[in-house]
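The next block holds one structure in the form of structure tokens; read it before the comments.
Number of protein chains: 4
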Amino acid sequence: MRKKINIAVVGGYDCSKKYYKIAHALGQLIAQEGWVLVCGGRSGVMEAAAKGAKEKGGLTVGILPSFDGKDANLYIDVKIPTGLGYARNIFVVRAADIIVAVDGKYGTLSEIAFAFNEEKTVIGIDTWDIPGVIKVKTPKEVVAKIKKKLGIRK
Amino acid sequence: MRKKINIAVVGGYDCSKKYYKIAHALGQLIAQEGWVLVCGGRSGVMEAAAKGAKEKGGLTVGILPSFDGKDANLYIDVKIPTGLGYARNIFVVRAADIIVAVDGKYGTLSEIAFAFNEEKTVIGIDTWDIPGVIKVKTPKEVVAKIKKKLGIRK
Amino acid sequence: MRKKINIAVVGGYDCSKKYYKIAHALGQLIAQEGWVLVCGGRSGVMEAAAKGAKEKGGLTVGILPSFDGKDANLYIDVKIPTGLGYARNIFVVRAADIIVAVDGKYGTLSEIAFAFNEEKTVIGIDTWDIPGVIKVKTPKEVVAKIKKKLGIRK
Amino acid sequence: MRKKINIAVVGGYDCSKKYYKIAHALGQLIAQEGWVLVCGGRSGVMEAAAKGAKEKGGLTVGILPSFDGKDANLYIDVKIPTGLGYARNIFVVRAADIIVAVDGKYGTLSEIAFAFNEEKTVIGIDTWDIPGVIKVKTPKEVVAKIKKKLGIRK
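Protein chains in written order, with this note's numbering: chain L, 1145 to 1298; chain D, 1145 to 1298; chain A, 1145 to 1298; chain Y, 1145 to 1298.
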């Protein structure tokens, strides 16, 4: 059985149309590659990515701040309520093979920092300017970087 | 979009053939109902349930003790590594709408106790004799109890 | 520098006068031995033990369910708010060299189970009848059992 | 009973002599104010601050990555092992009224980010240049800023 690859898309629960659109396209591409979309399960960038993934038949996982999962957006297949509040960010990172940050505020910063603590790769579109983040401009470039990192040819 | 129902199957990572067989049949039934199988992702009862679910085309989630997910059994679709050791039991419980305990030792006991802390339903087959556990004998009875609890008719 | 010994007293946040009195006496003895009292920081058995410990000049630590520590009883020196709800029980156990359970409901059961997961000693006064719990009747006997376990002579 | 104030000092487990000295002086001042020193319990900045606090009769709390507390430095009074690895950073932040960052790498960055998630104050000496960090140059200035924030006159 082939291990499924988990890609986390992280970013603010409140985002501009521009970043909603980018995250949405990214979610579509992730699903098209057969990767599982992992996210924090809420609105904004998380919702956009999950919506995109579902439109392309992907699987979406939301690791949620709440105890009961009622904070999940409509596009989450697998709800993992944690009751941890923002501390759930750590488990989003731990569940991901690679993390993609789109825009984002302090929550996203904590995810980037935590990813580097755990020696994971972070790809960023217009996110915090932290040493180590692989900066790209488009969802397509994100996918190319993920493939390179995972050693996938095509 | 209809909310997916998550059923956790909990029990020892080391179990007899008898309980492996029971958990396997239970996993099959869970998948046939269209429910997501949530478990601790390891061997024994967890593996048996996940194997059964996969045979029937179900979706399986493993909330793992390790940081890296290498402890997952072969039948886990979505790996959620936590790095928490046994403390991940809490998140198995939080991720579940209903918990089913099959046999089990102290890890299972912690899951039963924690489920009652969080006011969740626990159905048990030959597990700890703790007040509140709904005792049944077969996987079929488990499904009937789950349906009753969730208010599902047929 | 000599390592401080941490003793956790666990039990319900709601307890009868009988168990309040027992936990209070236990807290006093723990402080008199120079041990740190660790608890869940709330009312009932936790408060009684912390009150006793403070009366004898001991140090008290409360590992709290809340984010902000406002749920602490008046006798907690060091507040460790976790924001975890009942899941903080795990960290009470992890912070303790030895766990003492007095009476208690499902929260206490989760602590006993979790202690055995982590191969720690549990001493119990009128608590859950779980294999492995060292049953005693009085706070003095608790102290004698702790000393024996830790290899302390007098 | 007056609530004890918890001040977290965060920074790398590996630091230069310069920052060891600064953290040491800071620990001394924190103890002299009667505040509890909370830290990650390990070497570097954490050890320096704890050592300083102990020299002035303060109380020190270490919230540790390990399961067993063996990773604690020699100056920790109250060990809180978590078994969480770097994820314990969250609980350092939650246990603190105010966070002081000295130098530091990604672990420290995660603590700063997480502090802002939880709307806590961060005072920094030569640390990450993140919007919101109150930048100062000396331990004395740190104490002045803490007092101002807490509304303590002298």
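All C-beta atoms, glycine included, are put in the ideal place defined by N, C-alpha and C.
Limits of the alpha helix (DSSP H) - the one that residue i falls within
i, result
"ASN1150 of chain D", "Premise fails: ASN1150 of chain D lies in the beta strand (DSSP E), 1150–1154, not in any alpha helix (DSSP H)."
"GLY1171 of chain L", "1161–1176"
"ILE1290 of chain A", "1283–1294"
Integer-rounded CB distance, given that residue j should sit under 8 Å from residue i
i, j, result
"THR1224 of chain L", "LEU1203 of chain L", "Inspection of the sequence shows that residue 1224 of chain L is occupied by Ile rather than by Thr. About 13 Å; that fails the 8 Å criterion."
"VAL1205 of chain Y", "ASP1221 of chain Y", "7 Å"
"LEU1181 of chain D", "PRO1283 of chain D", "With a Cβ gap of about 12 Å, LEU1181 of chain D and PRO1283 of chain D do not count as contacting."
Cβ-Cβ distance between residue i and residue j below 8 Å
i, j, result
"LYS1161 of chain L", "GLN1176 of chain L", "no"
"TYR1230 of chain D", "GLY1188 of chain D", "no"
"ILE1166 of chain Y", "VAL1280 of chain Y", "no"
"ASP1215 of chain Y", "ARG1186 of chain Y", "yes"
"ASN1233 of chain D", "SER1254 of chain D", "yes"
"ILE1149 of chain D", "VAL1244 of chain D", "no"
"LYS1249 of chain Y", "TYR1219 of chain Y", "no"
"ILE1256 of chain Y", "VAL1277 of chain Y", "yes"
"ILE1267 of chain L", "ILE1296 of chain L", "no"
"TYR1164 of chain A", "ALA1197 of chain A", "no"
"VAL1154 of chain L", "THR1252 of chain L", "yes"
"GLY1184 of chain A", "LEU1228 of chain L", "no"
Extent of the continuous beta strand (DSSP E) to which residue i belongs
i, result
"VAL1180 of chain D", "1180–1183"
"VAL1280 of chain D", "1278–1280"
Residue i Cβ short of 7 Å to the ligand GDP heavy atom set
i, result
"ALA1175 of chain L", "As for the ligand GDP, it is missing from this structure, which has no ligand bound."
8 Å Cβ cutoff, residue i in contact with chain E
i, result
"TRP1272 of chain A", "The structure shown has no chain E; the protein chains it does contain are L, D, A and Y."
Worksheet item: Can you list, in chain order, the residues of the stretch 1147–1163 of chain D whose Cβ is nearer than 7 Å to any Cβ on chain A?
Response: none
Practice prompt. Name, going along the chain, the residues of the stretch 1228–1247 of chain A whose beta-carbon falls closer than 8 Å to a beta-carbon of chain L.
Written response: LEU1228, GLY1229 and ALA1231
Fill in: Residues from the stretch 1271–1293 of chain D in contact with chain L, defined by Cβ distance under 8 Å
none
Practice prompt. Return the chain-ordered ranges of every beta strand (DSSP E) run that is complete within the stretch 1193–1267 of chain Y and spans a minimum of 3 residues.
Written response: 1204–1208, 1222–1225 and 1242–1246
Discussion item. If the cut-off is 8 Å on Cβ atoms, which residues from the stretch 1207–1219 of chain L count as contacting chain D, listed in chain order?
Written reply: ILE1207, PHE1211, LEU1218 and TYR1219
Practice prompt. Could you list the residues in the stretch 1253–1267 of chain A with a C-beta less than 7 Å from some C-beta on chain D, going in chain order?
Written response: LEU1253, SER1254, ALA1257, PHE1258, PHE1260, ASN1261 and GLU1262
Worksheet item: If you measure beta-carbon to beta-carbon, which residues of the stretch 1185–1198 of chain D are closer than 9 Å to chain A?
Response: none
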